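Numbering (my numbering), first residue to last: 1387 to 2352.
Cβ atoms here follow ideal geometry from the backbone N, Cα and C, with glycine treated the same way.
In this text the structure is predicted, and so the values were computed from the model without any measurement.
To keep things clear, I will list the structure first and then write my remarks on it.
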Amino acid sequence: MISHSQIYRARAALATHYYADQADDYYSRDGSAATWQGDGAWRLGAIGAIDPTRFKAMLQGDFGHGITASQSVRKDAKARAALDLTFGAPKSITLQALIGGDERLIQANDDAVATALTYVEQHLAMGRRKENGKSRVEHTGNLIIAKFRHETARPTEDAAPDPHLHVHALLMNLTQRDDGQWVALSNEQIFQLLRVTDSIYQATLERNVRALGYAVRHEKNHIELAHISREQIEFFSKRSSGITAELAARGTSRDQAPHTLRQGITLAHRQQKTQAYSRAELQQEWQAAAQAIGMRFDQAGLQATIQPRQETSKASDLVAQASLSWAIQHLAERESVMPLADLLQSAVRHAGGHTDVTAIQSAIQARVQAGALIQEAPHYRSTQDMKAAPITRDGWAAEVVRLRGASQDAALQLVDQAITQGRLLMESPRYATRKAFEAESRILAAEANGRRAWQASIASSVAEARLDERLTPGQREAVMLITSDTDQISGIQGLAGTGKSFALQNAQAILQQQGHSLVALAPYGGMVRNLRKDGVPANTVASVLAARDKRPFTSQLGPQTVVVIDEAGVVPVRQMDKLLALIQPTGAKVVLLGDTAQTKAIEAGRAFAMLQEHGMKTVLMGDIQRQRSERLRHAVQLAARGEASRSLPLLDRVLTIPDQFSVDEHGHKTRDSLARYEAIAQAYVGLTADQQASTIVVTGTNASRQAINARIHALRGLEGKGQRCQLLARHDTTRAERSVARYYTVGDIVVPERDYQCGLKRGELYRVTGIPRHDRITVQIVDPDASKPKPIEIIPRTMGKLSVYHLNESELSAGDQVRITRNDAQHDLVNGQLAQVVAIEASTVTIETGGRHITLPTDRPLHLDYAYTTTAHSAQGLTCDRVLYNAESFSRTTAQDTYYVSISRERHEVAVFTDDADKLPEQVDRLGVKGLAHDLAPAQVESPTLHPQGPDAALEQETETSMGIC
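Encoded structure:
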């Protein structure tokens, strides 16, 4: 795992002591613990072992040979001296190497670090150049890297430091341009592709470790040696376990402890690295501890035979192709448009070191040439303004024509000159699959073929005469579209809180009066329940598409049927393609009802928005009625228009509760948001019972949702009054990940969605007990009545209908509000349904929902979760009186769409809790767009207008200067 931090010139002396003086060379006597790397270092004569005096001089800006940072870098003490990329080896490799004494693993880790840094140097090293008073960047391909290997973590207060093999790679703030000038290093590309670098490190390490004969297991995105257990790994993390133990002694935990208590204990346990223990003393203590817990290092983890590594070019190419295929399948499930960095990171990770990044890049180009992948036309970014959006060559030429009046040929020549000279830098390309492009094309063709094709429309005069007089203008247009428009596929863009349910009910009444019918489909079970409450027959999209026999659904359709697809904005391209192919042949009319500004589909594509962009007839239902005050209504209108930051001052409250930061035993900086979660929970429990019932707490991530839920449970006085139960949380994996054994973890719960011949039964729970081979896992049924359940070996790639869950333990008490997290036909419960715990016993829990009491056994995991807090995706479609919104300025889940959904649920009041009110406006204005394969097709690329508000001399001069063509 790679972490990063900046080193500043003012701390050169301290940094020299930390890095150079503490480089641990206990096992290697050849001086390999502190070494130079990089072509830039070689050019300066920095080769082999690091001289601490010269290292310190470089941090201070003196690089020797008459080269000083003052030529191109700030001279003040706060100037950036170096970027520290810290490569932390997996803990089990640390233990086997440092306690077990296998020096080869140290060399294997050093080699993996060097390989990853070579990629950074060759592909990501950029230097700055000053031109016309502005800075631009160019590729240099050389770095000065000082590597220091350390072997201990920070010590605890009363114990020796734990073993922790890690390498600090300091990338000096200097690189040499092609013209010979030494200039400041630009870090942007290094940060953008850090995940690719980490994947190269992890994959190379895995290859090296396997070549030594070790069996490995995969945990999340890293490997561990198979013979060293997770419990043994945790034992050698004393500082972390010490904090946990002290909290437990005080009757609390990391999740539940108040921030002040947790922070105080953390600080008390933190110390700087110390030389109080000699290396020999540390070794004796580590070995004694390992022996005490039964660890074995005497070849216990080695495979029966050590296979020498035999990699041929052909074999590497085959692995690259297979890994790329998996990466495409994995990424394309969630996003139609795949950046090169994501393809490389996923493919390299999956390859496990059996090929390299160059072979994978070649495989990508082969797919492009074969037409299986669509590559975006090259886009270029001005190196004088790296934050500006990149545009195509033709786009830049169009700007030259617009700003200078040059001819097209002259403009293209100027742009090509800027590209050649490095003033315009090509962006990493993006890709989409031909399959995605064809699915989008079928959707567009279905809409185009359906124009003016619905023959059963009701006469406009008839429909208009039956309109409810209470309808708003937008609702009237929506009802008329549903009942009397002749396009077979059309849309309603309905903003949040505009009364879509009332409009649907009126449309249904008119249709039924004329012998027609209306049915609805929706993405989520909660939406279906609301539609049914309104008297509209409804099913989930997934249930219709998953049914083997589609006739029960299609038989109710015909030329006089209108199918409304509710919340169409969250229906992905894959499902929309199948739905239209299923419905259109029946002659039924399809109306897509949704809001493109709200949250997008989890899966790939933006089908509803794409249809609108390509001319589908769409009416706007924009008369917001939900908010009772004009101020809040205006705030929601601004958010709907994409002006989220302007709406913030109109909200009832925006409370800033800053996060706290601490450093873990490996020196990694961690964020602590517990104080804000506490404030949200306090605000919720401070409401009356009736107010709580009509309040929604909205947050961005599942981690924050779980933390806030736990605090509300405790503050409601329910802690210690119930029973600890095992609850199941769905593991967020793609179908590609579920098809490969390495992406499962021992302890995962697998639930088949159909019966399998190997013995798995639909709906039963199976615990993963092992991963015996690269392509299979072993599972055992979770059955408290079975004394010795028989293990079943399965091959995940042959099973397309598996769901995977994690086990979480939480207390359920009478009075808790809970949510059902999986459909349960036996008890007539559906995913998302709300319930209240009315009784809890040692072996059962009784919940009440919809006037029914249902008793569930607690001797097996439950598909339940607390319901006090929800994510923005789950909140879509809900209505309440009050919203408490956790808006984190640092989270990728805070964006225009999630903000809009979160502040538009309430009728009366919304309170925003944030870590930084100054950064929040920029974050809520961030536009999250689902890409389309059609976005990348050459015919779809249009020359953008940089300044749509009209000519402005200053802006035009700025654009010309940024291009470097003046």
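_Under 8 Å, with one C-beta from each stretch per pair, do the stretch 1717-1727 and the stretch 2307-2319 reach the 3-pair mark?_
Touching, per the Cβ criterion.
*Asn2272 bridges to which residues according to DSSP?*
In the DSSP assignment, Asn2272 is bridged to Phe2299.
_Suppose contacts are defined by Cβ-Cβ distances below 9 Å. Is Leu2270 in contact with Val2084 by that definition?_
For Leu2270 and Val2084, yes; Cβs fall inside 9 Å.
_Among Arg2153, Pro2182, Leu2104, Gln1423, whose alpha-carbon lies nearest the alpha-carbon of Arg2159?_
Residue Pro2182 is the option with its Cα nearest to Arg2159.
_With DSSP as the reference, identify every bridge partner of Gly1860, one or two as the case may be._
Within the DSSP bridge table, the entry for Gly1860 names no partner.
*Are three or more beta carbon pairs between the stretch 1614-1624 and the stretch 1461-1480 nearer than 8 Å?*
Short answer: they touch.
*Span of the beta strand (DSSP E), counted from its first residue to its last, around Thr1819*: Residues 1816-1819.
_Mapping the DSSP letters down to three states, classify Asp2251 as helix, strand or coil._
Secondary structure at Asp2251: strand, using DSSP grouped into helix, strand and coil.
*Helix, strand or coil for His2259 per DSSP?*
Here His2259 carries a helix assignment [DSSP, helix/strand/coil].
*Cβ-based neighbour list, Asn1528, same chain, cut-off 8 Å, excluding 5 preceding and 5 following*: Cβ within range, chain order: Gly1424, Asp1425, Gly1426, Arg1429, Glu1507, Ala1511, Thr1561, Gln1562.
*Per DSSP, which one or two residues make a beta bridge with Lys1533?*
Looking at the DSSP output, Lys1533 bridges to Thr1421, Ala1555.
*Check whether Ala1967 and Ala1832 have beta carbons under 9 Å apart*: Cβ distance < 9 Å, so Ala1967 and Ala1832 count as in contact.
_Determine whether the beta carbon atoms of Ile2082 and Glu2227 lie at a separation below 9 Å._
No, the Cβ-Cβ distance between Ile2082 and Glu2227 is not below 9 Å.
_Going by the DSSP bridge assignment, what does Ser2196 pair with across the sheet?_
According to DSSP, Ser2196 bridges with Cys2111.
_Let's see if you can read the secondary structure: which residues bound the alpha helix (DSSP H) around Asp1497?_
From DSSP, the alpha helix (DSSP H) with Asp1497 extends over 1489-1510.
_Do Arg1838 and Thr1872 count as a contact pair if the criterion is CB distance below 9 Å?_
Judged by beta-carbon spacing, Arg1838 lies within the 9 Å limit of Thr1872, meaning their Cβ atoms are closer than that value.
_Coarse secondary structure for Phe1473, derived from DSSP in three states_ = DSSP places Phe1473 in strand when its eight states are reduced to three.
*Under a three-way DSSP split, which group does Ala1643 fall into?*
Residue placement at Ala1643 is poorly supported in this model, since its pLDDT is 48, which falls under 50; the coordinates still yield a value, given next. In this structure, DSSP gives Ala1643 a state outside helix and strand, which the three-state scheme calls coil.
*asked:* Quick check on Thr2230: buried or exposed, where buried means 16 or more other Cβ atoms within 10 Å of its Cβ?
replied: It counts as exposed.
*Give the straight-line distance between the Cα atoms of Asn2088 and Tyr2252, rounded to the nearest whole angstrom.*
Counting only the Cα atoms, Tyr2252 lies some 12 Å from Asn2088.
*Under the three-state DSSP convention, the category Ile1388 falls into*: Three-state DSSP puts Ile1388 in a strand.
_CA-to-CA distance, Gln1482 to His1613, given in whole angstroms_ = Roughly 10 Å separates the two Cα atoms.
*Rank Val1950, Ala2221, Gly2106 by C-alpha distance to the C-alpha of Leu1867 and give the top, closest one.*
Nearest neighbour of Leu1867 by Cα position, chosen from Val1950, Ala2221, Gly2106, turns out to be Val1950.
*Please classify Trp1840: does DSSP put it in a helix, a strand, or coil?*
Assignment of Trp1840 by DSSP, reduced to helix, strand and coil, places it in the coil class.
*Where do the N-terminal and C-terminal ends of the beta strand (DSSP E) with Asn1892 fall, by residue?*
Following the DSSP letters along the chain, one finds Asn1892 in no beta strand (DSSP E) but inside the alpha helix (DSSP H) bounded by residues 1886-1899.
_Suppose the cutoff is 6 Å on Cβ atoms and the five residues either side in sequence are ignored; what does the same chain contact list for Ala1749 look like?_
Only residues of its own chain outside the window of five on either side were considered, and among them Ala1706, Gln1707, Leu1710 have a CB closer than 6 Å to the CB of Ala1749, listed in chain order.
*Look at the alpha carbon of Gly2103 and the alpha carbon of Ser1941, and state the distance between them as a whole number of angstroms.*
One alpha carbon belongs to Gly2103, the other to Ser1941, and they sit about 53 Å apart.
_the stretch 2297-2313 contacting the stretch 2005-2020, beta-carbon criterion three pairs below 8 Å_ = Touching, no.
*Could you give the C-beta distance for Leu1997 and Lys1886, rounded to a whole number, given that I count them as a contact under 8 Å?*
That pair is no contact at about 18 Å.
*asked:* Can you confirm whether the stretch 2204-2224 touches the stretch 1912-1929 when touching is taken to mean that 3 or more C-beta pairs between the two stretches lie within less than 8 Å?
replied: A contact exists between the stretch 1912-1929 and the stretch 2204-2224.
*asked:* What residue range does the alpha helix (DSSP H) around Ser1903 cover?
replied: No alpha helix (DSSP H) holds Ser1903; the beta strand (DSSP E) holding it covers 1903-1908.
*May I have a chain-ordered list of the beta strand (DSSP E) segments no shorter than 3 residues that lie completely inside the stretch 2165-2221?*
Secondary structure in the stretch 2165-2221: the beta strand (DSSP E) runs of 3 residues or longer, each lying completely within the stretch, are 2178-2180, 2188-2198, 2203-2206 in chain order.
*State the start and end residues of the unbroken alpha helix (DSSP H) segment that holds Leu2306.*
Counting along the chain, the alpha helix (DSSP H) containing Leu2306 begins and ends at 2306-2310.
*What is the DSSP secondary structure of Lys2434, reduced to helix, strand or coil?*
The structure shown has nothing for residue 2434, since the chain only spans 1387 to 2352.
*Please go through the same chain and pick out, in chain order, the residues whose beta-carbon is closer than 7 Å to the beta-carbon of Thr2354, but skip the five residues on each side of it.*
Any property of residue 2354 remains undetermined from this structure, which presents the chain solely from 1387 to 2352.
*Would the beta-carbon of Ala1467 fall within 9 Å of that of Asn1559?*
Taking 9 Å as the Cβ cut-off, Ala1467 and Asn1559 qualify as a contacting pair.
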